[in-house]
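Take a look at the structure set out below.
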Amino acid sequence: PAAPAGSGPKVGPRLGAPLALGADLPPSATLQSYFTPEDSPAAAIIAALAAARHQVRIQAYRLESLLIAEAILAAHRRPGVSVHILVDLHEETSPASEARRLKLAGVPIHTDSAGAGVNHNKSLVIDGRHVLTGSYNYTDAAERKNHENLVVITEGATAARYLANHVRNTATARPYRYR
């Protein structure tokens, strides 16, 4: 039987009004999608990092791809580019993590220590304009074995929301320490 009128999902005060899909995206916004194993999200991430001129903000559940780590390091070493990474607590004890190498090279890294949950975000914000996000973990398994996705959104307001999320999560984080 059909649900009674008005019995749809409730929207809490923190969530705001329901969104009309696409209503918030201006015509100038662009979206690109990548899927593994047929596409290469890693290549898209590496290209975006190579194009960064001012700022890179990363939230990573897993950071184990050597190629992506090398691209992060290259961005960090480029004059005028500010890089910051926020990782999940797991990255402090994972022998596969590239976070330790990046930290030793001087890349600012914090560990999300919110306590009850995990930092399951996977996002990069490049120059306050480009967002790369999706299920894609920064691992070789994500690139070669898993079914993963990456969406590249080029649009300032969306990037601003992701930057605000990065700042909010970093505020409760602590400096990364390898254990």
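Our numbering numbers the first residue of the sequence shown as 315 and each following residue consecutively.
Where is the CB? At the ideal position from N, CA and C, for every residue including glycine.
Only a predicted model underlies this, so the values are computations on that prediction, with no experimental measurement involved.
Through-space distance from residue j to residue i, alpha-carbon basis
i      : j      : result
His424 : Ser449 : 21 Å
Leu345 : Arg482 : 25 Å
Ser342 : Glu469 : 8 Å
Ala471 : Val395 : 21 Å
His480 : Ser347 : 22 Å
Glu384 : Arg491 : 20 Å
Arg488 : Arg392 : 25 Å
Glu378 : Thr486 : 23 Å
Ala365 : Thr407 : 31 Å
Lys436 : Arg493 : 23 Å
Arg414 : Gln369 : 21 Å
DSSP-derived helix/strand/coil call for residue i
i      : result
Val401 : strand
Tyr476 : helix
Asn435 : coil
Asn499 : Residue coverage of the chain in this structure runs from 315 to 493, which leaves residue 499 outside it and unanswerable.
Val481 : helix
Leu446 : strand
Arg414 : helix
Pro318 : Unreliable positioning characterises Pro318 in this predicted model, as indicated by a pLDDT of 45, which lies under 50. The coordinate reading is nonetheless provided below. In the structure shown, Pro318 sits in coil (DSSP, three-state: anything other than H, G, I, E or B).
Cβ-Cβ separation, residue j to residue i (assumed contact under 8 Å), whole Å
i      : j      : result
Asn460 : Thr350 : 6 Å
Ile440 : Ala362 : 5 Å
His444 : Ala473 : 7 Å
Val397 : Ala374 : Contact doesn't hold; Cβ gap of about 12 Å is too wide.
Ile399 : Leu387 : About 11 Å; that fails the 8 Å criterion.
Leu446 : Glu412 : Going by Cβ atoms, the distance from Leu446 to Glu412 rounds to 17 Å, so no, they are not a contact pair.
Ile360 : Leu438 : In fact, because the Cβ distance is near 11 Å, the residues do not count as touching under 8 Å.
Residue i: CB within 7 Å of a non-hydrogen atom of the ligand ZN
i      : result
Gln369 : Annotation note on the ligand ZN: not contained in the displayed structure, which lists no ligands.
(message) Taking 8 Å as the cut-off, does the region 455 to 467 touch the region 354 to 364 (at least 3 CB pairs, one atom from each stretch)?
(response) With the cut-off at 8 Å, the region 354 to 364 and the region 455 to 467 touch.
What are the start and end residues of each continuous beta strand (DSSP E) run of 3 or more residues lying completely inside the region 345 to 394, in chain order? Those beta strand (DSSP E) runs which fall completely within the region 345 to 394 and span 3+ residues are 369 to 374.
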